[in-house]
Amino acid sequence: MNSLKFLFAAYLATWVIHAIYLGTLVRRFSRLRQQLKELGKGK
Amino acid sequence: MTYWSVTFATLKKDIRLEWRSKDALNSMLFFSLLVVVIFAFAFDPLAEESRHIAGGLIWVAFLFAAVVALNQTWARELRNQVLDAYRVSPAPANALFLAKALGNFIFVSVLEALMAPLFVVFYNLHVLGPAWQLIPIAILGTWALVVNGTFFAAMSLRTRSREIMLPLLLFPISIPAVLGMVAGTTAVLTGDNPAHFYIVLLLTYDVVFTTACLALFETVLHAE
Amino acid sequence: MKRLFPILSVVTAILLAYALYQALVIAPTDAQQGDVYRIIYYHVPSAWTAFLLFFINFIASVQYLANAKPSSRTAAKWIVLAIGIVGAIACFLPQVQQRLPAGMRPNAVATTVLAIPAFYFLIGKCFPGERLDVLAVTSAEVGVVFCTIVLVTGPIWARPVWGIWWAPGDIRLTSTLVLWLIYVSYLVLRRFSTSAQTQMLAAALAVFGALDVPLVYFSIWFFRTQHPQPVIGGGGSMDPRMLHVLLINWLAFLCFAFLVCWSRYRLELLHREVEEAHAMESLAGATARPSHPLNRSPQ
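Chains as they are written, first to last, in the numbering used here: chain A, 417 to 459; chain B, 279 to 502; chain C, 3 to 301.
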């Protein structure tokens, strides 16, 4: 049915947005941990 | 010195400075004229619906002119550490805010008074509803833009990309006021609906946000 | 504490899968809209979650501003308590009950009003001092994510049902858009501000945003009475089976939102730790340098 594709589009969009956000969180985490490690070495 | 004497002293100083230099005023006047002309090219003024869209066009033009004017407001205070002098002085912080807001209000009102006849000319507007209602709409609407604009301009002082920060902060918060101004002006121009609610809406908006600005300005002023 | 996160993640994943199953399979088909109405099971819980998060941000911002001075701190506590008590009692007075919109029971409104002081004191207890600000930025950011989902799924739902993507007079979607804009501007301020008092400025902006929301709602409401528009998402009562599935999905998304907020919160704490370490390092570097020319005694 035609309207079902809207249903799946909505559900997919929801999880894509969540995935993108979680991805940015993971990237920021690893970058900060890297910085903290470098600062620890610097001391 | 009393609260009001501080306010008026600051206001007189700002007006005197602006009158002597006149460069901001002149460039703003020309900018306002340009905006009206661009809109006249972009939206066909001879169309039947021009009366329906004129309200929106006028206020969008005013909004952009106001933002350009507001951006310059605090720039003057940053030079020669005038702002630091204010912080240290015993004058109440929101007297300074009120003076700045009143100064901006006068400035933007002058611009509007010059732009409005141009719109009437270009769009061949004649008012079908009660024309006197345009005055409270204009006053309340302009104050709504100016009071929040002055506050957010002060907030944007210590940000990167200061000039873009002001509209970024101002536009979302101003949406109900813009709706009130535009819908009210359209209601008066077309005579289709009564504009009373929009005037009450603008009045409520002005009261709420003037109070909020006066209460929170000290926090903003002392932000380093 | 460390082991709680993975356990909760697994529980949440199971809940989300179960909720999805309920939404797609168990829930009955709508008589008018067919199967596409099932978007509601993602659209509405996201909206409720976003509003809850923005509410938390508002409480945290107000408290952060009030805690700046001891006098305002005590005053704020009393005011919030008064709002809760007076509001809750007022809901049961006949004059007020008449004014309540149709469909809102006094019990529900009273509970919502009592939630304000409850949240205020709970948040104040669990997030002392600077942690209030960390909570504020966390709830704002995660709130924006959920709000984005509401604004994306809303038009996707509207298009097959109403034939249009957007109706400017649709009060709920338009109010949500303005709320989204306000909080995006809040996040932009936090990122671009170079002031040492960024937290205070952001808290002030959050208060402005909260004051704006009822004004937005009423301005669009009145505009709509003069220019009738279709209502996207429908109104009115719901089949109890559908409500049941809706609540299951909300519970699942609340758990998910909690996990995301927890992660973001830890990220922010780490960020501040790194900044502090940077600051300490530059201080240590400064004191280790050879003495400043002014300190040298004249030869």
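C-beta: ideal position from N, C-alpha, C; glycine also. It should be emphasised that the depicted structure is a prediction, and the values quoted were computed from it without experimental measurement.
Quick check on DSSP: helix, strand or coil for T31/C? Along the third sequence, one-based indexing puts residue 31/C at 29. DSSP places T31/C in coil when its eight states are reduced to three.
So what's R462/B in DSSP terms, helix, strand or just coil? Here residue 462/B refers to the residue found at position 184 when the second sequence is read from its first residue. A small correction: the amino acid at residue 462/B is Gly; Arg does not occupy that position in the sequence shown. Residue state, collapsed to three classes: helix.
May I have the straight-line CA-CA distance separating F60/C from S439/B, to the nearest angstrom? Along the third sequence, one-based indexing puts residue 60/C at 58. Along the second sequence, one-based indexing puts residue 439/B at 161. Distance between the alpha carbons of F60/C and S439/B is about 26 Å.
Rank F258/C, H45/C, I118/C and S73/C by C-alpha distance to the C-alpha of A90/C and give the top, closest one. Taking the third sequence and counting its residues from 1, one reaches residue 90/C at position 88. Comparing Cα-Cα distances from A90/C to each of F258/C, H45/C, I118/C and S73/C, the minimum goes to I118/C.
So which residues of chain A does D135/C contact, with C-beta pairs closer than 9 Å? In the third sequence, residue 135/C corresponds to position 133, counting from 1. Within chain A, no residue comes near D135/C; the closest Cβ sits about 18 Å away, beyond 9 Å.
Ends of the alpha helix (DSSP H) at Q259/B? Shown here, chain B extends from 279 to 502; a query on residue 259/B therefore has no answer.
Which term fits L289/B, buried or exposed, when burial requires 16 or more other beta carbons within 10 angstroms of its beta carbon? Counting from 1 along the second sequence, the entry for residue 289/B is found at position 11. With 16 or more other Cβ atoms within 10 Å, it is buried.
So is W167/C buried or exposed if we call it buried at 16+ other beta carbons inside 10 Å? By 1-based counting over the third sequence, the position of residue 167/C is 165. The residue is exposed, with fewer than 16 neighbouring Cβ atoms inside 10 Å.
Between the Cα of Y267/C and the Cα atoms of R444/A, Q450/A, G456/A and K457/A, which residue gives the shortest distance? Position 265 of the third sequence, counting from 1, holds the residue named residue 267/C. For the residues R444/A, Q450/A, G456/A and K457/A, the minimum Cα distance to Y267/C belongs to R444/A.
In this structure, does DSSP put G303/C in helix, strand or coil? Chain C is shown only over 3 to 301; residue 303/C falls outside these bounds and no answer can be derived.
Could you work out which residues of chain B lie near D214/C, taking near to mean beta carbons separated by less than 7 Å? In the third sequence, the residue the question calls residue 214/C occupies position 212. I451 and P454, listed in chain order.
Spell out the partners DSSP gives S177/C in its beta bridges. Within the third sequence, numbered from 1, the residue matching residue 177/C stands at position 175. According to DSSP, which records beta bridges pairwise, S177/C is partnered with nothing at all.
On the premise that G427/B lies in contact with A455/B, defined as a C-beta separation below 8 Å, what is that separation, rounded to the nearest angstrom? Position 177 of the second sequence, counted from the start, is the residue given in the question as residue 455/B. Position 149 of the second sequence, counted from the start, is the residue given in the question as residue 427/B. At roughly 11 Å, the Cβ-Cβ gap does not stay under 8 Å, so A455/B and G427/B are not in contact.
I need the boundaries of the alpha helix (DSSP H) containing I118/C, first residue and last residue. Counted from its first residue, the third sequence places residue 118/C at position 116. That run of the alpha helix (DSSP H) goes P108 to C128.
By the criterion of Cβ-Cβ separation under 7 Å, what are the contact partners of S265/C in chain A? As a first step, residue 265/C must be located in the third sequence, where it is residue number 263. Within chain A, the residues near S265/C are L441.
Please list the partners that A429/A has in chain C, where partner means a Cβ-to-Cβ separation under 8 Å. Here residue 429/A corresponds to residue number 13 of the first sequence, with the count starting at 1. The contacting residues are I151, V154, T155 and I158.
Proximity test, Cβ basis, 8 Å: L67/C and chain B: The sequence position of residue 67/C within the third sequence is 65, counting from 1. Chain B contact via Cβ: present.
Is W182/C buried or exposed, if buried means 16 or more other CB atoms sit within 10 Å of its CB? As a working mapping, residue 182/C is identified with position 180 in the third sequence. By the 10 Å Cβ count, W182/C comes out buried.
Beta-carbon within less than 6 Å of G235/C's beta-carbon, same chain only, minus the 5 sequence neighbours each way: which residues are those? For the purposes of this step, residue 235/C is taken as the residue at position 233 of the third sequence. With a pLDDT of 49 at G235/C, under the threshold of 50, the predicted position of this residue should be treated as unreliable, though the coordinate-derived value follows. Once the five neighbours on either side are set aside, G235/C has no close Cβ partner at all.
Residues near T440/A by beta carbon distance below 6 Å, same chain, minus five either side: Within the first sequence, residue 440/A is the residue found at index 24, counting from 1. So no residue of the chain qualifies.
Does the Cβ of T31/C have 16 or more other Cβ atoms within 10 Å, making it buried, or fewer, making it exposed? Working through the third sequence from its first residue, we reach residue 31/C at position 29. So T31/C counts as exposed.
Quick one: does Y20/C have its CB under 8 Å from some CB of chain A? Within the third sequence, residue 20/C is the residue found at index 18, counting from 1. No - not a single Cβ of chain A is within 8 Å of the one on Y20/C.
Could you give the distance in angstroms between the alpha-carbon of S195/C and the alpha-carbon of S63/C? On the third sequence, position 193 is the one that residue 195/C refers to. On the third sequence, position 61 is the one that residue 63/C refers to. Whole-angstrom Cα-Cα distance: 17 Å.
Classify M393/B as buried or exposed, calling it buried when 16 or more other Cβ atoms lie within 10 Å of its own Cβ. Numbered from 1 along the second sequence, position 115 holds the residue referred to as residue 393/B. M393/B should be labelled buried.
Whole-angstrom C-beta distance between A52/C and C149/C, which should lie under 8 Å: Along the third sequence, one-based indexing puts residue 149/C at 147. Along the third sequence, one-based indexing puts residue 52/C at 50. Sure, about 4 Å apart at Cβ, within 8 Å.
Any idea what DSSP makes of G407/B, helix, strand or coil? The residue given as residue 407/B occupies position 129 in the second sequence. G407/B: coil per DSSP, three-state reduction.
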